[in-house]
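Below you'll find the structure, written out as structure tokens, and then a few comments.
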Amino acid sequence: MPMARAKKPKSAFGKLRDRPRRATEYEELIFGLYWTPPYYMPLWSEDSTRVRVESWQDFRDPAAFSYHTYVLRRAQDAERIRGCLDTMNQPDLFQQTASPWIDELNGFYPALRYYESAGCMAFHDVKSSALGEYVSHAFSLQGFDEFGHVCHNVDLCRFYRQHFGGFDRAAAIWDEAPDVQPLRRLVEDLMVIEDWAEAIVAFDFVLEQVMEPIYLVEWPRLGLRCGDPVLWSVSQVMWAQESYHADLARAFVKYVLDAHAENRSLVQTWVDRWFPRATEATSRLFGPAFDRLEESTGIPFETVWTDRLKAIETTYAELSLEIPSTSSVGRSV
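For the sequence shown, my numbering begins at -18 and goes up steadily by one.
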């Protein structure tokens, strides 16, 4: 009885080669990105970052989140935001809200969901490439936080639209508003950084250090002076999460700097590369809006901006890092 021949395994994407038509644009894009031979992206390669660390397994998230404790915290945060929006869903509450404030908020705030979405995508890419499971776990959770912020932005805009109208041009603002373009171009570049450690430094240790305190603290505080308590209440929940992100970023950078002496010059190079663009994006986004409201709020942007740069300089100095000279990171309007 003749022996049965073993079937020859089919070649990957053979169905594409056999077809007379050309592969679609999507098929061409993903053709080399499957994680099985012969077409695959090698993950967990030492060459995925220029940072050198003896053991990535020794890194620890300062908050020590497990998936369980993280999910519980996210659920509590979501309930706080839902309760805030339900409680404040009263038209009489906004009789004293200044129209110029709503106009300024409507002019750029809806588009920030795309900034948050970029962070989500960047950190989930870090999750796939990071060489230590504790690094991957911690920044994966941060990616979920950023996605949560996208949802909070949408909920807030829906709330404002119900009471004031507008807040429905997020995509157009992101694509076209002049003061938003430096931020858009920056995050688009951040999302395609190949070195996952540089992505952490650029997004978490540079951009968020510059932007988040203004975005989630100083700007909502301006809203309080204009008779809007909603943005402040929701932003405080988001700010608590961003404070954890800042601690995580500092812990990561310190771990890298302590691992090898040559890592210091590399991290400083990344700071020098991304810090000027982060300051330009943030000052262009918030500076003009602060200026237009200064007469009614009494809060000059220059004071807020100077205090932010000093705080970052102190944070970096604790790690023996420097921010670029003020001439290259000054306010850009």
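Cβ coordinates follow ideal geometry from the N, Cα and C atoms, glycine included.
Bear in mind that the values here come from a model prediction, so they are computed numbers and not experimental data.
According to DSSP, is residue i part of a helix, a strand, or is it coil?
{"i": "V34", "result": "coil"}
{"i": "G113", "result": "coil"}
{"i": "H49", "result": "helix"}
{"i": "A79", "result": "coil"}
{"i": "L302", "result": "coil"}
{"i": "S26", "result": "coil"}
{"i": "E175", "result": "coil"}
{"i": "D42", "result": "coil"}
{"i": "N70", "result": "coil"}
{"i": "F140", "result": "helix"}
{"i": "F282", "result": "helix"}
{"i": "F148", "result": "coil"}
{"i": "R61", "result": "helix"}
Restricting to Cα atoms, I'd like to know which of the options is closest to residue i.
{"i": "E27", "options": "G208, W177 and R139", "result": "W177"}
{"i": "I280", "options": "G147, A45 and L203", "result": "L203"}
{"i": "R63", "options": "L212, A240 and E275", "result": "L212"}
{"i": "A45", "options": "H118, E97 and D73", "result": "H118"}
{"i": "P91", "options": "L66, R150, V161 and E114", "result": "R150"}
{"i": "P269", "options": "E193, V182 and W200", "result": "W200"}
{"i": "D67", "options": "A183, W286, L137 and M172", "result": "L137"}
{"i": "A79", "options": "R265, K291 and D209", "result": "D209"}
{"i": "L205", "options": "L74, A56 and V52", "result": "L74"}
{"i": "R41", "options": "R231, D288 and I293", "result": "R231"}
{"i": "L112", "options": "A158, E35 and F184", "result": "E35"}
Is the CB-CB distance between residue i and residue j below 8 Å?
{"i": "L188", "j": "W255", "result": "yes"}
{"i": "T284", "j": "V191", "result": "no"}
{"i": "P163", "j": "E261", "result": "yes"}
{"i": "H130", "j": "P72", "result": "no"}
{"i": "D160", "j": "L229", "result": "no"}
{"i": "W251", "j": "V168", "result": "no"}
{"i": "F128", "j": "C101", "result": "yes"}
Considering residue i, what are the terminal residues of the alpha helix (DSSP H) in which it resides?
{"i": "F267", "result": "E243 to T278"}
{"i": "P194", "result": "E189 to P194"}
{"i": "D170", "result": "Q162 to L171"}
{"i": "P201", "result": "W200 to R206"}
{"i": "L212", "result": "V211 to A240"}
{"i": "D156", "result": "A151 to E157"}
Compute the beta-carbon to beta-carbon distance between residue i and residue j, rounded to the nearest angstrom, for a pair I have assumed lies under 8 Å.
{"i": "Y236", "j": "W155", "result": "At roughly 34 Å, the Cβ-Cβ gap does not stay under 8 Å, so Y236 and W155 are not in contact."}
{"i": "V234", "j": "F186", "result": "5 Å"}
{"i": "V315", "j": "W37", "result": "Shown here, the chain extends from -18 to 314; a query on residue 315 therefore has no answer."}
{"i": "H133", "j": "M69", "result": "Between M69 and H133 the Cβ distance is about 14 Å, and since that is not below 8 Å, they are no contact."}
Can residue i be considered in contact with the ligand COA, in the sense that its beta carbon sits closer than 7 Å to one or more heavy atoms?
{"i": "H130", "result": "The ligand COA is not part of this structure, which contains no ligands at all."}
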